[in-house]
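Numbering (the UniProt record's numbering), first residue to last: 1 to 243. Beta carbons are placed, not taken as given, at the ideal position from N, Cα and C, and that holds for glycine. None of these values were measured; they are calculated from a predicted model. The next block holds one structure in the form of C-alpha cells; read it before the comments.
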C-alpha cells in the first residue's frame, strides 16, 4: 500500500455544488468581510454542508473557518437590506448566516442551490457509511464508495444504490481492524486473512469522517461472532485476535 493519500485530498473538487467569493457578515462584530464559501455534496469527507474559508488559498490548504450542515437549515431567503445580491440563511436553533454576492445572477444561483439542499437529510440507512478506498494492490477499484456493516459481513459498494458490489468480506475472516480517532486522520484499516474468499490476504485502507462509527459497528459484530474481544484492544481503537 502506497504512502500517499491516493487522491483523497482531491475529493472536494469533485463534490462542489457551488463555490465563490462573497462578503459575509461576522456573527460577533457584524462586519462584512470578504470570504470564500463552498457548498459541498455528501461524501467521505462529510455531509452536505456550507463551508467558509478566509480565501481560496485557505480552501486549497483545507483551513476552514466554520461550516454548518444543510440539513440544519430551516429557510433560505433574500436579504432584506439588499434583496438583489444578499442571502439570509436560518438554522435550527435560531442562528442566522448572511452574505452578499457581487452580482444579482450569482445571488440567484446561490439562492436556488441553497434552497434545493436546505433541510434535506443525506443520512444513509443504518449500517451504511460513506468512505474512500485508498488505491491498493488487491482490488481493481479505489475512490468514493459505500461501506456496509452487517452481522457477519463488511461489504463495499460503488455508490449508495448498492447496485455494484466491489467486495464482500466475512467478518470471521478479518484478521485485524484499526481506527485511531485521536489522530483525527479518518483512517480505517482492515487486514484480511488468507481464508477471505473475495480478496484473500490483504490490507484495505479506508478514509471516512465516519471511520470511528464504522469501527464501532464492525467491533460489535465481531464481538458477537467471536464471543469475546479484549476490552483493552477495543478501547484503543484496534482489534487483533493474535494479541
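In angstroms with no decimal places, state the Cα-to-Cα distance between residue 20 and residue 210. 28 Å
Exposed unless 16 or more other CB atoms sit within 10 angstroms - verdict on residue 235: Model confidence at residue 235 stands at a pLDDT of 44, short of 50, so the residue's coordinates are unreliable; what they give is reported in the following sentence. Result: exposed.
According to DSSP, what are the bridge partners of residue 75? 90
According to the Cβ coordinates, are residue 43 and residue 207 closer than 7 Å? no
Between the beta-carbon of residue 152 and the beta-carbon of residue 171, is there less than 7 Å? yes
Expected contact under 8 Å - CB spacing of residue 166 and residue 157 to nearest Å: 6 Å
To the nearest angstrom, how far is it from the Cα of residue 64 to the Cα of residue 195? 44 Å
Beta strand (DSSP E) runs contained entirely in the region 168-200, provided each spans 3 or more residues: 174-178, 187-192
Contact test: residue 17 Cβ vs the ligand ZN heavy atom, cutoff 6 Å: Only the bare structure without any ligand can be found here, which leaves the ligand ZN out of the picture.
Could you check if residue 181 is buried or exposed, using at least 16 other CB atoms within 10 Å of its CB as the buried criterion? exposed
Once you ignore the five residues that flank residue 18 on each side, which residues in its own chain have a CB closer than 6 Å to its CB? 39, 113
I'd like to know if the region 85-98 and the region 133-147 are in contact, where contact means that at least 3 CB-CB pairs between them fall below 8 Å. no
Status (buried if at least 16 other CB within 10 Å, exposed otherwise) for residue 131: buried
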